[in-house]
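Colleague:
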Amino acid sequence: MTLTQQLAQFIASGIVNGTIYALLGLGLVAIHSVTRVVNVAQGEFAALGALLASTLVARGMPLSLAAGVAVVAAAAAGGGVYRTGIRPARDAGPLTLLIITIALHLALKGLLLLVWGTNPYGLRPFTAGPPLRILSAVVTRQSLWVVGVTAVALVVLYLFFTHTILGKSLRACAVNPTAARLMGIRVERMSTLAWLIAGALGGLAGVLITPLTLATYDMGLILGLKGFVGVVMAGMSSYPWTVGACILFGVVESLGAGLISSNYRDGIAFGVLVAALLWRALSVLRGGLIVSEETAQE
Amino acid sequence: MIPTRRARLAATIAVVVLAILPYAVAGRISLSIFVFIGLFSLIVIGLSLLAGHAGQVSLGQAAFYGLGAYIAAISTLRIGIPPWLALPLAVSGAAGVAYLLGAPIFVLRGHFLVLGTLGLNVVMDVLVRNVQSLTGGPTGLTGIPPLSIGSLMIAGDRAYYYLTWTFVFAALWLGRNLVSSRVGRALAAVRSSEVAAATVGINPAFYKSRVFAASAALAGLAGALYVHYLSFVSPSPFAFNFSIDLLVMSVLGGIYQLPGAVAGTAILTVLREALRTIMPRVLGSGASAEYEIVLFGVLLAVVIIFSPAGVWPPLIKVLRLESARPRWAQVAPVAGVLAKSSSSLARPEPTGLLRVEGLRKQFGGLLAVDDLSFHVQAGEIYGIIGPNGAGKTTAFNLISGVLRPTRGTVYLRGRKISDLPAYRRAALGVGRTFQTPNVFPDLTVLENVMVGLHRLTTTSFTGAMLGLGRREDTQAAAQAAGYLAAVGLLDHAGLPAGALPFGGLRLLELARALAMHPIVLLLDEPASGLTGAERAELVRLIRRIRDTGTTVLLVEHDVGLVMEVADRVLVLNYGRRIADGTPRVVRNDPRVIAAYLGEEAVS
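Top line first, the protein sequences correspond to chains U and C. Using the UniProt record's numbering, you'd call the opening residue of the first sequence number 1 and step up by one each time. Using the UniProt record's numbering, you'd call the opening residue of the second sequence number 1 and step up by one each time.
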């Protein structure tokens, strides 16, 4: 393979990984913008969706139905986690809520381990057939499914947020919960909805990625973390920027792993993250700004 | 925070129990679990200091623990440095890396440290596993010599038990000193409002990066002790998962009180160990690990949901160990404190004490301040009025450095200050209050004013940890009491500032701003929300502040008050100057009447 071909290959697989991170990242944004919680257990929704879909298909359920069941189950897990673990403590500080999600992550991971054990589970690709050639990269059909389904999910999400009362209410809660409540929006219900959406997106990510990587009970944390990196890079609140940042992160990670060594895969990805943070900080320092604009507006 | 007699007694009992523990449990329980509780406590004390007092969360403390461990291991094994020298090397190495990471990151507001430390932890882990020639890779390094001083060899459980716990108590002592010092108050101020802290001259990033470095130093110390204790090191104890464990320990114990760190660490470590031994007996050896994780997660969630501030605060309440807040021994004479204000009267500035030239601020499509120029003479009371949205508060934000101007310059005594951050401008003598009072609610009324004295006091970070600032604190408390007496709040000095009524908050903010001896004081709607009597008192106070040499800028909706006290008045509308001059001139200006009453009123 020539270097150009290699690069194209790395970028293509980076985009696919980044798309998965983006689905998790979008869930994190939905949860954070409405309930101000950073959800460490986000990846567990993906693990649940992946394991459930694998088992159902192995027992003979049609793949599309199994995927649907898995996504709904992950959504229910999201809503359930919110109702049982987060809502009782919703007035506590952000750090306490963070610790609760760590606890929920541990509990969910333990439950997955109880049910599925430590063995990896596989899922057949959504459509059979040889890989396709796009430009100079070889791309599996499942990779296209990942990107395609995510694109559809993004459009649906966009239409939901811009064209439905429910979606607009959700955005209103994110911007100003007090004002939203005064307008008669039931913020409590919207919070549950945000967690349901996050669960569904996580479950979808799990189902999509399993044919490429296999599913295990402990696959969630690192996926969730990488989604979180994209979320923070994009400023914690923007859906489109989160998608962009996650895909960029996926590409950087894939290039680093491919060009240097796959042993250093996570090291390179997170090293770039630290470097980006420092670069951003130093550029702010040069500007001489100490207090940001939005705090001054309080 | 000064410990009560009861608290001292409790601490003494704790020390005694820990001192006899190795002999009490001899032969029954291995001491190693207590050594580990001590080691982890060291890290968690640092983390609690960071989370509870600097308001920052690290998801990478395990990286500093690992850094300390590997620095000690590599320097003794590969370079042949004696272990007693490797210990400080490990501590300063961890602190140095933290400082290099933290100092820039803290310039960014928000929780970017979470991301930076998370990244550092993953990078560290990958490097340690892969740079085999140096670190031994996944299998690690063995044969690390124990600590020794001369011919005295520190080896075995008991020796490391006593050594570790001595460090734990030293860390608690240093941490307590820091928290109850000038630096501790500055940290509390930064935690509740970075904007307000910066406007009294505190540089938020400065203190946060030092606390972060200190927390990393403790983690590095724990790491170095760990390798000399076990004599081997491998990557797995320092992975990201352990950083999460450490954070859980600190929140479980309670991040606002340092002894909570030890409690949280002990509970979590013992719980882990207990689940590991009990579960196999209950369920048979097969399935124990699965249940352990589930049970652990559920227990943790339940404890945090029922006691969000951790286990320490309820424990303190039951044992009645609350600490006392600082008091003032005497009240410094008011005339004295106010008269020291400034030397600005002695040196008249030809171009005005404060000069604003072509100032402009654009928020998206909105021009909040548009090409504004004015100057204020030393010793003046300068009023700024205008209808809602005229840009008055924005102008104050631009002068005090809370906002950066889109264009234009601000000079103080001929020096350009508009490119300086807010805390530097405060240090040069720009004081201010806020439209919505911005006090530090967790601190007492007295402590709030002591924060105002921040830049006039000098105790350093290290000095504060060693408890060297006590005398200065006593003087500062007396001075602060003087300012409180001047605004009539002395009776409430010991109250938490959050408990004051609205008028009290305004006066407290004023006292805090006066305490920094400003050359120019910007008062943003000081009269709003005050009762008639309070308003009359405010007028007297403003005059008195001016009489002691401080120049006053006054933004106010109460036009009557401005006309009453101001020497000159500037009228803004839509971000532009529409009139200025003495109250008499401004009052009769047709443009002013039009702005307030509408065009019809003029014609």
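Idealized CB from N, CA, C, for every residue including glycine.
Can you confirm whether V57/C, when its beta carbon is compared against all beta carbons of chain U, has any partner nearer than 8 Å?
Modeller: Chain U contact via Cβ: present.
Colleague: Which residues, in order along the segment 118-131 of chain C, keep a beta-carbon less than 9 Å from a beta-carbon of chain U?
Modeller: Flagged, chain order: L118, G119, L120, N121, V122, V123, M124, D125, V126, L127, R129, N130.
Colleague: Could you tell me which of G96/C, G223/C, L18/C, F306/C sits nearest to L147/C, measuring between CA atoms?
Modeller: Measuring from the Cα of L147/C, the nearest candidate turns out to be G223/C.
Colleague: Since V284/U meets chain C, which of its residues come closer than 7 Å, beta carbon to beta carbon?
Modeller: Within chain C, the residues near V284/U are V107, L108.
Colleague: Considering only residues of the same chain and omitting the five flanking positions on each side of V592/C, which have a CB-CB separation below 8 Å?
Modeller: Closer than 8 Å at the Cβ level, and outside the excluded window around V592/C, lie V571, I578, A579, V586.
Colleague: When Cβ atoms are compared, which residues of the segment 296-317 of chain C fall closer than 7 Å to chain U?
Modeller: The segment 296-317 of chain C vs chain U, Cβ under 7 Å: F296, G297, V298, L300, A301, I304, I305, P308.
Colleague: Between which two residues does the beta strand (DSSP E) containing residue 665/C stretch?
Modeller: This structure does not reach residue 665/C, given that chain C is present from 1 up to 603, and the question cannot be answered.
Colleague: In three-state terms, what does DSSP make of E357/C?
Modeller: Residue state, collapsed to three classes: strand.
Colleague: Sorted by chain position, which residues of the same chain lie with C-beta nearer than 6 Å to L87/C's C-beta, five sequence neighbours on each side aside?
Modeller: The answer, listed in chain order, is A224.
Colleague: Once the 5 residues before and after R158/C are set aside, which same chain residues still bring their CB inside 8 Å of it?
Modeller: P22, L31, listed in sequence order.
Colleague: Identify whether A390/C lies in helix, strand or coil by the three-state DSSP scheme.
Modeller: Three-state DSSP puts A390/C in coil, outside helix and strand.
Colleague: Does any residue of chain U have a CB that is nearer than 8 Å to the CB of G336/C?
Modeller: At G336/C, the pLDDT of 47 sits below 50, so the modelled position is not reliable; the number obtained from the coordinates is stated separately. False, the Cβ-Cβ gap to chain U never drops below 8 Å.
Colleague: State the Cα-Cα distance for the pair S215/C and R87/U, rounded to the nearest angstrom.
Modeller: Whole-angstrom Cα-Cα distance: 32 Å.
Colleague: For M450/C, I'd like the list of residues in its chain whose CB is within less than 7 Å of its CB, leaving aside the five on either flank, ordered along the chain.
Modeller: Cβ within range, chain order: R185, A476, A477, A480.
Colleague: I need the boundaries of the beta strand (DSSP E) containing G383/C, first residue and last residue.
Modeller: First-last of the beta strand (DSSP E) with G383/C: 381-385.
Colleague: Exposed or buried, F40/C, counting other C-beta atoms within 10 Å across all chains shown (16 or more means buried)?
Modeller: That one is buried.
Colleague: If the cut is a Cβ gap below 7 Å, which residues of chain C does Y264/U touch?
Modeller: The answer, in chain order, is V126, N130.
Colleague: Report yes or no: is there a C-beta of chain U within less than 8 Å of the C-beta of I293/C?
Modeller: True, the Cβ-Cβ gap to chain U drops below 8 Å.
Colleague: When the cut-off is 8 Å and only beta carbons count, does F45/U lie next to chain C?
Modeller: For F45/U, the answer is no, since every Cβ of chain C falls outside 8 Å of its Cβ.
Colleague: Given a cut-off of 8 Å on the beta-carbon distance, is the pair Y264/U and N241/C in contact?
Modeller: Not a contact, by the Cβ cut-off of 8 Å.
Colleague: What residues from chain C crowd round T35/U, counting only those whose CB sits closer than 7 Å?
Modeller: Simply none; closest approach about 15 Å.
Colleague: Taking C-alpha atoms, which residue in I15/U, A234/U, L225/U, V243/U lies nearest to T44/U?
Modeller: Note on identity: in this sequence residue 44/U is Glu, with Thr being the wrong assignment. It is L225/U.
Colleague: Bridge partners of S148/C, per DSSP?
Modeller: Note: S148/C sits in a beta bridge opposite M153/C.
Colleague: Would you decide whether Q5/U is buried or exposed? Buried here means 16 or more other CB atoms lie within 10 Å of its CB.
Modeller: Exposed: under 16 other Cβ atoms inside 10 Å.
Colleague: Output the distance between the C-alpha atoms of V233/C and Y65/C, rounded to the nearest integer angstrom.
Modeller: Approximately 12 Å between the Cα atoms of the pair.
Colleague: My output table needs one value for I121/U: the three-state DSSP class, helix, strand or coil.
Modeller: The question names Ile, but residue 121/U is Tyr in the sequence shown. In the structure shown, Y121/U sits in a strand (DSSP, three-state: E or B).
Colleague: Using the Cα positions of L510/C and V487/C, report the straight-line distance between them to the nearest angstrom.
Modeller: Going from the Cα of L510/C to the Cα of V487/C covers about 8 Å.
Colleague: For the segment 78-92 of chain U, which residues have a beta carbon sitting closer than 7 Å to at least one beta carbon of chain C?
Modeller: From the segment 78-92 of chain U, only G85, P88, A89, A92 have a Cβ closer than 7 Å to chain C.
Colleague: Out of Y207/C, L372/C, W173/C, state which residue places its alpha-carbon closest to the alpha-carbon of A103/C.
Modeller: Ranking the options by Cα distance to A103/C, first place goes to Y207/C.
Colleague: Counting only Cβ-Cβ distances shorter than 8 Å, please list the residues of the segment 97-117 of chain U near chain C, keeping chain order.
Modeller: Correct list: L98, I99, I100, I102, A103, L104, H105, L106, A107, L108, K109, G110, L111, L113, L114.
Colleague: Could you round the C-beta distance between E556/C and E525/C to whole angstroms and report it? I think they count as a contact, below 8 Å.
Modeller: Yes, E556/C and E525/C are in contact; Cβ-Cβ is about 6 Å, under 8 Å.
Colleague: Can the beta-carbon of T199/C be found closer than 8 Å to that of A54/C?
Modeller: In this structure, A54/C does not lie closer than 8 Å to T199/C by Cβ.
Colleague: Whole angstroms are fine: how far does the CA of P131/U sit from the CA of L113/U?
Modeller: Between L113/U and P131/U, the C-alpha separation is close to 33 Å.
Colleague: Is the CB of residue 621/C under 8 Å away from at least one CB in chain U?
Modeller: Residue coverage of chain C in this structure runs from 1 to 603, which leaves residue 621/C outside it and unanswerable.
Colleague: Checking contacts by CB at 8 Å: is A257/U closer than that to chain C?
Modeller: Not closer than 8 Å to any Cβ of chain C, the Cβ of A257/U fails to qualify, so no.
Colleague: My parser needs the alpha helix (DSSP H) runs of 4 or more residues fully inside the segment 131-168 of chain U; what are they?
Modeller: As far as the segment 131-168 of chain U is concerned, its whole alpha helix (DSSP H) runs of at least 4 residues are 141-163.
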